[in-house]
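K.L.:
Quick one: the structure is below, and I'll ask about it shortly.
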Amino acid sequence: MTGEAVNAKAYPLADAQLTITILDLVQQAANYKQLKKGANEATKTLNRGISEFVVMACDTEPIEILLHLPLLAEDKNVPYVFVPSKQALGRACGVTRPVIACSVTSNEGSQLKSQIQQLKDAIEKLLI
Numbered sequence: 636m637t638g639e640a641v642n643a644k645a646y647p648l649a650d651a652q653l654t655i656t657i658l659d660l661v662q663q664a665a666n667y668k669q670l671k672k673g674a675n676e677a678t679k680t681l682n683r684g685i686s687e688f689v690v691m692a693c694d695t696e697p698i699e700i701l702l703h704l705p706l707l708a709e710d711k712n713v714p715y716v717f718v719p720s721k722q723a724l725g726r727a728c729g730v731t732r733p734v735i736a737c738s739v740t741s742n743e744g745s746q747l748k749s750q751i752q753q754l755k756d757a758i759e760k761l762l763i
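In terms of my numbering, the sequence shown opens at residue 636 and continues consecutively.
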């Protein structure tokens, strides 16, 4: 599979600046215990309605193992975005392994509320 074939399915892909912002917020969410790592955990947060937004890695092989997430996210009106590297996503999640998907969860009285809202708006602009 060529790089372009993967990126065609990985829509919307965050640009370099937005990727840095996303990974930074993912890292903070991990510190505040507001992060679920992995495609299965992300699916659970969407089904339970506690997901603020979903981040997926576009260099996942095969990409099909996480293509159910955008469909589910659209059903639940949750913004989602792809970042270029699963290795970088794993580091932001605070683990040594690559992470192909993660979900930032909602939490009442969280210090991240305003940052999450700003990022959701930025992700939604990509989807338009």
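Don't be surprised by glycine CBs; every beta carbon is placed ideally from N, CA and C.
Check each candidate in K711, E687, K671 and name the one with the smallest Cα separation from Q753.
P.N.:
Here residue 753 is taken as the residue at index 118 of the sequence shown, counted from 1. The shortest C-alpha separation from Q753 is found at E687.
K.L.:
Jot down the residue ranges of each uninterrupted beta strand (DSSP E) in the segment 675 to 752, minimum 3 residues, whole runs only, in chain order.
P.N.:
Within the segment 675 to 752, the complete beta strand (DSSP E) runs of at least 3 residues are 686 to 692, 715 to 718, 736 to 740.
K.L.:
Tell me, which residues are paired with K760 by DSSP?
P.N.:
Indexing the sequence shown from 1 puts residue 760 at position 125. According to DSSP, K760 bridges with nothing at all.
K.L.:
Just the Cα atoms here: how many angstroms apart are D710 and K760?
P.N.:
Taking the first residue of the sequence shown as position 1, residue 710 is located at position 75. Taking the first residue of the sequence shown as position 1, residue 760 is located at position 125. Computed Cα separation, rounded: 18 Å.
K.L.:
Taking Cβ positions, are L706 and M691 nearer each other than 8 Å?
P.N.:
Here residue 706 is taken as the residue at index 71 of the sequence shown, counted from 1. Here residue 691 is taken as the residue at index 56 of the sequence shown, counted from 1. No, Cβ-Cβ distance for L706 and M691 is not below 8 Å.
K.L.:
Quick one: what does DSSP say K644 is sitting in, helix, strand or coil?
P.N.:
To locate residue 644, count along the sequence shown from 1; it is residue 9. In the structure shown, K644 sits in a helix (DSSP, three-state: H, G or I).
K.L.:
Of all the options I763, V730, P714, which has the alpha carbon lying nearest to the alpha carbon of G684?
P.N.:
The sequence position of residue 684 within the sequence shown is 49, counting from 1. Among I763, V730, P714, the Cα nearest to that of G684 is on P714.
K.L.:
Provide the residue span of the alpha helix (DSSP H) that contains Q669, from first to last.
P.N.:
Locating residue 669 in the sequence shown gives position 34, where the first residue counts as 1. Per DSSP, Q669 belongs to no alpha helix (DSSP H) and is neither H nor E.
K.L.:
Identify, in the order they occur along the chain, each residue of the same chain with its Cβ nearer than 6 Å to the Cβ of F717, setting aside the five sequence neighbours on each side.
P.N.:
In the sequence shown, residue 717 corresponds to position 82, counting from 1. Cβ neighbours of F717 beyond the five flanking positions: A645, L648, M691, C693.
K.L.:
My guess is that G677 and S738 are in contact by the Cβ rule of under 8 Å, so how many angstroms apart are they, rounded?
P.N.:
Translated into positions along the sequence shown, residue 677 becomes position 42. Translated into positions along the sequence shown, residue 738 becomes position 103. Here residue 677 is Ala; the residue named in the question, Gly, does not match the sequence. Indeed they touch by this definition, with Cβ atoms about 4 Å apart.
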